[in-house]
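Q: Have a look at this one before I ask anything.
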Amino acid sequence: MSQHAKSDRHPDAATAPAGLGPASTAAAPKNPAPNTAAPNSVPTAADIKRWRQYLADERAEAAVYRDLAQSRSGEERAILLALAEAEGRHEAHWLKLLGGHAGKPRHASLRSRLLGFLARHFGSVFVLALAQRAEGRSPYTKEPSATPAMAADEQIHEEVVRGLATRGRNRLAGTFRAAVFGANDGLVSNLSLVMGMAATGVGSAVVLLSGIAGLLAGAFSMGAGEFVSVRSQRELLAATLPTQVTLAAAPQLDIEHNELLLVYLARGMSREAAEHRVAERMGLFACDCDPSLSLRPELPKTEDEHEAVGTAWGAALSSFCFFASGAIVPIIPFIFGMTGLGALVVAAALVGIALLATGGVVGLLSGTSPLTRGLRQLAIGLGAAGVTYLLGMAFGAVIA
């Protein structure tokens, strides 16, 4: 076995934080395959350059995980520090290969430096999503100088970071959905309105007024719709909460004939657990049930579900603002006095940039290619506007 392979046997795996066994041991096989590089071969200039870049990236990625850990606590902090420790093992591997060729520290890749900047200043789910993509594109599977354990580490790291990012995505899902959908609706619907009106041949002042009317109508419609939706959802949640009526009614029930058992069966309990709960409620504690089934009395539900839904007024206001922020973009050229085809081209360009941005953000958060998502948003938005423009030309010709 080559010395290169021996350098990555995970000597400190036993010191990993409790609960992190799968992430640490899965990437450390007992008998890793030998390194394909010859142990005593003289590295070429290309090898040295490539290894130094790997070294810089490993250092930068370890720093990213440490920076993220500073804003976390408990298990998440321990997981991030364990990832940083693993990147340190990879760093040691490249240092050993380089030997005296390590030289002064190189700059990490632009991707790693961007991750570091975001981790230090934001530390959000966006950074974890970017880190997930970075781990998934590790070059070690095709790098002959990297050990198989290192390549396996990077695959495991991707899944670990995916799990951490999922927590943040779940917390962000409701607000993010409202922001993206509201802004995209405003961008596409008002651009389509402006393009359609302009295609009929009306003046720029009419196009501007139509755009403002579309902004206000759409924003109020979105706000009202979100208010009704959230209020209805909160009412549905409230209707599903169990009441404490069993506590008050149980003493008055007929011991032989009552439907208290049906209450607990309807709430999803097993028959044995429900029978034991009935015995508790009726004061018959000398039952034949397993004592471990003595469940706690019903407590008021926490507000977690309601907090996830949000308040109706808050949802309405945010939807109004998100839609308006998107709908104002297509009318910016007309606000500043532009007219004719030039104003339409500028409006389409501004909306295109905004659609690329929102699509890219969705791509980052979902762990997929930001460019692909951005281009998809752009194609859908400009496609809808183009169809509306053609319809406007047709209607204008008919009216004329």
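According to my numbering, the sequence shown is numbered sequentially starting from 74. Quick reminder that beta carbons are idealized off the backbone N, C-alpha and C, glycines included.
Can you look up Thr445 in the DSSP assignment and give me helix, strand or coil?
A: Note: Thr445 maps to helix in three-state DSSP.
Q: Under a Cβ-count criterion, where at least 16 other Cβ atoms within 10 Å of its own Cβ denotes burial, should Phe409 be classed as buried or exposed?
A: That one is exposed.
Q: Cα-Cα, which of Gly147, Glu164 and Phe396 is closest to Gly287?
A: Minimum Cα distance to Gly287 is reached at Phe396.
Q: Terminal residues of the continuous alpha helix (DSSP H) containing Phe395?
A: Segment Ala385 to Ala400, the alpha helix (DSSP H) holding Phe395.
Q: Under a three-way DSSP split, which group does Lys177 fall into?
A: Coil at Lys177, not helix or strand.
Q: Excluding the 5 residues preceding and the 5 following Leu464 in the sequence, name in chain order all residues of the same chain whose CB lies nearer than 8 Å to its CB.
A: Closer than 8 Å at Cβ, skipping near neighbours: Gly269 and Ala272.
Q: Whose C-beta lies closer than 6 Å to the C-beta of Gly433 among residues of the same chain, with five residues either side of it excluded?
A: Pro443 and Gly447.
Q: Select from Gly436, Ala421 and Ser398 the residue whose C-alpha is nearest the C-alpha of Ala256.
A: For the residues Gly436, Ala421 and Ser398, the minimum Cα distance to Ala256 belongs to Ser398.
Q: Going along the chain, which residues of its own chain have a beta-carbon closer than 6 Å to the beta-carbon of Leu154, five neighbours each way excluded?
A: Correct list, in chain order: Ala142.
Q: Provide the residue span of the alpha helix (DSSP H) that contains Glu160, from first to last.
A: Where Glu160 is concerned, the enclosing alpha helix (DSSP H) stretches over Gly147 to Leu171.
Q: Beta carbon of Leu428, beta carbon of Leu260: below 8 Å?
A: Yes, the Cβ-Cβ distance between Leu428 and Leu260 is below 8 Å.
Q: Our contact map puts Ser392 next to Gly296 with C-beta atoms below 8 Å; I'd like the distance itself, whole angstroms only.
A: Right, their Cβ atoms sit about 5 Å apart.
Q: Who are the Cβ neighbours of Leu168 in its own chain at under 7 Å, not counting the five residues just before and after it?
A: Result list for Leu168: Leu128 and Ala175, in chain order.
Q: In the DSSP assignment, find the alpha helix (DSSP H) that holds Pro217 and state where it starts and stops.
A: Segment: none, Pro217 is in no alpha helix (DSSP H) and carries neither H nor E.
Q: Taking Cβ to Cβ, would you say Ala204 is nearer than 8 Å to Val280?
A: Taking 8 Å as the Cβ cut-off, Ala204 and Val280 do not qualify as a contacting pair.
Q: Report all residues from its chain with a CB closer than 7 Å to the CB of Ser80; omit the five preceding and five following residues, and keep chain order.
A: Low confidence applies to Ser80: its pLDDT is 41, below 50, so where it sits in the model is not reliable, and the reading given next is rough at best. Closer than 7 Å at the Cβ level, and outside the excluded window around Ser80, lie Ala165, His166 and Lys169.
Q: Using a Cβ-Cβ cut-off of 6 Å (strictly less than) and excluding sequence neighbours within five positions of Ala458, which residues of its own chain qualify?
A: Around Ala458: Leu264, Ser265 and Met268.
Q: Taking the alpha-carbon of Gly284 as reference, which of Ala159, Ile404, Leu335 and Thr117 has the nearest alpha-carbon?
A: Gly284 has its Cα closest to that of Ile404, out of Ala159, Ile404, Leu335 and Thr117.
Q: For Arg123 and Asp130, I'd like the C-alpha separation in whole angstroms.
A: About 11 Å.
Q: Given Asn139, which residues of its chain have a CB within under 6 Å of its CB, disregarding the five upstream and five downstream residues?
A: Here the sequence assigns Arg to residue 139, which means Asn is not the residue at that position. For Arg139, where only same-chain residues beyond five positions count, the Cβ hits under 6 Å are Ala157.
Q: Name the residue from Arg304, Pro116 and Phe407 whose alpha carbon lies nearest to the alpha carbon of Pro217.
A: The shortest C-alpha separation from Pro217 is found at Pro116.
Q: Run through DSSP, which three-state label would Glu332 get?
A: Coil, per DSSP.
Q: Apart from the five residues just before and just after Gly298, which ones in its own chain have a Cβ nearer than 8 Å to its Cβ?
A: Only Ser392 meet the Cβ criterion.
Q: How long is the line joining the alpha carbons of Leu201 and Val234, rounded to whole angstroms?
A: Rounded to the nearest angstrom, the two C-alpha atoms are 6 Å apart.
Q: Could you tell me if Ala389 is buried or exposed, where buried requires 16 or more neighbouring beta carbons within 10 angstroms of its beta carbon?
A: Looking at its Cβ environment, which holds 16 or more other Cβ atoms inside 10 Å, Ala389 is buried.
Q: Ends of the alpha helix (DSSP H) at Pro406?
A: Run containing Pro406: Ile405 to Ile408, per the alpha helix (DSSP H) assignment.
Q: Where does Ser144 fall in DSSP's three states?
A: Coil, per DSSP.
Q: What distance in whole Å lies between the Cβ atoms of Phe407 and Ala400, which are believed to be in contact at a cut-off of 8 Å?
A: With 8 Å as the limit, Ala400 and Phe407 do not qualify as a contact, their Cβ atoms being about 13 Å apart.
Q: Just to confirm before moving on: does the CB-CB distance between Leu455 and Ala421 stay below 8 Å?
A: Going by C-beta atoms, Leu455 is nearer than 8 Å to Ala421.
Q: Classify Thr412 as helix, strand or coil using the three-state DSSP reduction.
A: The answer is coil: DSSP assigns Thr412 none of H, G, I, E or B.
Q: Give the single residue among Ile453, Val303 and Val435 whose Cα lies nearest to the Cα of Ala252.
A: It is Val435.
Q: Could you check what DSSP says for Met342 in three-state terms: helix, strand or coil?
A: DSSP places Met342 in coil when its eight states are reduced to three.
Q: Among Arg307, Ser277 and Leu237, which residue has its Cα nearest to the Cα of Ile152?
A: Taking only the C-alpha atoms, the option nearest Ile152 is Leu237.
Q: Is the Cβ-Cβ distance between Ala224 and Thr214 less than 8 Å?
A: Result yes, Cβ atoms of Ala224 and Thr214 sit closer than 8 Å.
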